[in-house]
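All remarks here apply to the structure that follows.
Number of protein chains: 2
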Amino acid sequence: MDRDVLVREVGLRDGLQAVDTFFPTEAKKAWIDSEAAAGVHEIQACSFVPRSTFEQFSDASEIVAHATNHQGLLVSVFTPNVKGAERAIAAGAHRLGHVTSASESHNQNNLRRSVGDSMDDFERIVALRNELSDPETTSISGCVATAFGCTIEGAVDPDAVVRLASRYVELGADELVLADTVGYGNPDQVKKLFVRTGAEVGDIPIAAHFHDTRGLGLANVCGALDAGVRAFDASLGGLGGCPFAPGATGNIVTEDLVFMLEAMGLRTGIDLDALVAVRDILEREMPDEPLHGAIAAARVPKGFAVAN
Amino acid sequence: MDRDVLVREVGLRDGLQAVDTFFPTEAKKAWIDSEAAAGVHEIQACSFVPRSTFEQFSDASEIVAHATNHQGLLVSVFTPNVKGAERAIAAGAHRLGHVTSASESHNQNNLRRSVGDSMDDFERIVALRNELSDPETTSISGCVATAFGCTIEGAVDPDAVVRLASRYVELGADELVLADTVGYGNPDQVKKLFVRTGAEVGDIPIAAHFHDTRGLGLANVCGALDAGVRAFDASLGGLGGCPFAPGATGNIVTEDLVFMLEAMGLRTGIDLDALVAVRDILEREMPDEPLHGAIAAARVPKGFAVAN
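Chains H and W, in that order, give the protein sequences. Everything in the first sequence is counted per our numbering, starting at 1 for the first residue and increasing by one. Everything in the second sequence is counted per our numbering, starting at 1001 for the first residue and increasing by one.
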């Protein structure tokens, strides 16, 4: 494998979730095709939520069916509940993402259920996966949201994060994600929490999910890298946010993340120029949606070479 | 001293240098007064360049005379040559900043002289300072520009940076600055170069000067912190750039830097709310000038407390 770090594109899920107007199905497919061609290894392609809640994801099954045509592309999806997981497995998704918030208030606001109920759901999703598929074909990711703070509760106890992460692992998660859902984290806190979580949950991949709400997104990536994290969620153009968390603007910018990692000598397997070019699709389809990021405008440094 | 990290405001110099319209003298004074009141310990207040070159700094002596009225405020200035240093010492500046580029081409483009000639100038500035003042009253800072890359030459040899830094120290610099003038650096490179420079030049304060051209400004601060750096240049609202380096947009944002440092438990001595409020002066005087930064819009996290 010629990759040191996994960069997972989540713009089609976390990004589009924050966009009111429907992003056309064909444009979603073009986005996936172009990023896959640029070397992106994993794309969170959609969310299996009730159509009545998110019209944006009404084409979820069609998107997954299309994305899984790409050889070598890992197609992950967001599945908040058992019903969504069932549809996602039927559609052929490779990885199901489940989210529970370390903050009870945020979980109630976001998913309309208690943390305990969310974890019961997760248990049922694992059972369903084991019944209909297997971990090799369909892995399951458990994401601890608001791991670094919550707009409702403020500080979040690291103990609560580690407890929830451990519970995810006990119940059968194949991957963990610690998410700074509302952009509250700082590099020092990030490093410490990833180190501690890694030490407590043992040998399971742990990914980081950062929002750039307060400008510390890539600094927090540095904190996570220091802790040994080698998998990061990001959105093309920094698209995204959390509709239930006021002030939570976009994810970290995929293309800026790739630039930083490659500049640091960490191979992503992604062609940065080709990735930046994918922004054209977003600009064409959503001319009024602000795209973020520095590298698209500044271009790479003179003489810049990707890591190898 | 209740401060772990020195945050030096350079917006009045590096920021205004990139602004075409004259920023009124009274507004400059208000900017300095407000930042001093917010707890900023050092402000690079102006540049002693020929009036014919930079109308923006035609009020340099008046600005310094005003700024030095603030008890406890360290008033630093930029002095590219002996003539400028003479005026700066006469005005009562506490710290003279001299810049030489590690890239010969950048030095020629930026200062219209060779690296060797720049260092000869520096030697004369030190002699002048020793004649007219002393290191306690007037310290001298030597800044290695394009230390992390150059828009003309591309990669810059770390050996050249360390050589130039060592030469500055030999000639009598009281502080060193390594500057990523054009925003080419990455956290790994930053950490390595500060560690190496620190090891080679011995016991002299070394500050970092980053531009956010490619979005890595605060990530690079993390790299420098890892190397033990505890002094950073920054511009309010990310104002600034280098008129001689195409694509080199603003300095890192002072208020975002202060937020990150305080969040990490590093005391800056600066009242963040008061600092953010100083942006009003810039917005009022330069309504068409884009201000950058995340914390002014997103505000601090709920329950956020400064380091103590």
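No residue lacks a Cβ here, since even glycine has one placed at the ideal position from N, Cα and C. Every value quoted in this text rests on a predicted model; they were computed, and no experiment measured them.
Our two residues, D1203/W and G1142/W, have alpha carbons roughly 15 Å apart in a direct line.
Rounded to the nearest angstrom, the Cβ distance from Q1044/W to R1008/W is 6 Å, consistent with a contact under 8 Å. For S1118/W, the secondary structure class from DSSP, reduced to helix, strand or coil, is helix. Neighbours of G1149/W across chain H, judged by C-beta separation under 7 Å: P301. Closest in C-alpha terms to L1012/W, from the list G1238/W, H1292/W, P1205/W, K1191/W, comes G1238/W. Counted as a single uninterrupted DSSP element, the alpha helix (DSSP H) harbouring L111/H occupies residues 104-111. Within the region 1212-1224 of chain W, the residues whose Cβ lies closer than 8 Å to some Cβ of chain H are D1212, T1213, R1214, G1215, L1216, L1218, A1219, V1221, C1222, G1223, listed in chain order. Proximity of G1011/W to chain H, defined by a Cβ-Cβ separation below 9 Å, is not satisfied. For the pair L1236/W and R1279/W, the CB atoms are nearer than the 9 Å cut-off. Under the Cβ distance rule, M286/H does not count among the residues neighbouring chain W, no pair being separated by less than 9 Å. Straight-line measurement puts the Cα of G228/H at about 8 Å from the Cα of V195/H. Uninterrupted alpha helix (DSSP H) stretches at least 4 residues long and entirely within the region 164-245 of chain H occur at 187-201, 217-226, given in chain order.
Following the DSSP letters along the chain, one finds A45/H inside the beta strand (DSSP E) bounded by residues 42-47. DSSP, reduced to helix, strand and coil, places E1283/W within a helical segment of the structure shown. Listed by position along chain H, the residues whose Cβ is nearer than 7 Å to that of P1187/W are C222, M264. Proximity of the region 1095-1105 of chain W to the region 1056-1073 of chain W falls short of the contact definition, fewer than three beta-carbon pairs being nearer than 8 Å. Taking CB atoms only, F1259/W has a neighbour in chain H less than 9 Å away. Closer than 9 Å to the CB of G1097/W there is not a single CB belonging to chain H.
Counting every other CB atom within 10 Å of its CB across the protein chains shown gives P1290/W a total below 16, marking it as exposed. Sequence-ordered contacts of the region 1141-1167 of chain W with chain H read G1149, T1151, G1154, A1155 [C-beta pairs closer than 7 Å]. In this model, D1157/W and P50/H are separated by some 57 Å (Cα to Cα). Taking the C-beta atoms as reference points, H1211/W is found nearer than 9 Å to G1250/W. Beta-bridge partners of I1140/W (DSSP): L1096/W.
Annotation: Cβ neighbours of I1295/W in chain H (cutoff 8 Å, chain order): R214, G215.
By the C-beta criterion, the region 1158-1169 of chain W is judged not to be in contact with the region 1072-1083 of chain W, since fewer than 3 inter-stretch pairs fall below 8 Å. At a cut-off of 9 Å, the C-beta of V195/H has no neighbouring C-beta in chain W. Residues of chain W with a Cβ closer than 9 Å to the Cβ of D256/H are, in chain order, R1214, G1215, L1216. The C-beta of G1265/W has fewer than 16 other C-beta atoms within 10 Å across all chains shown, which makes the residue exposed.
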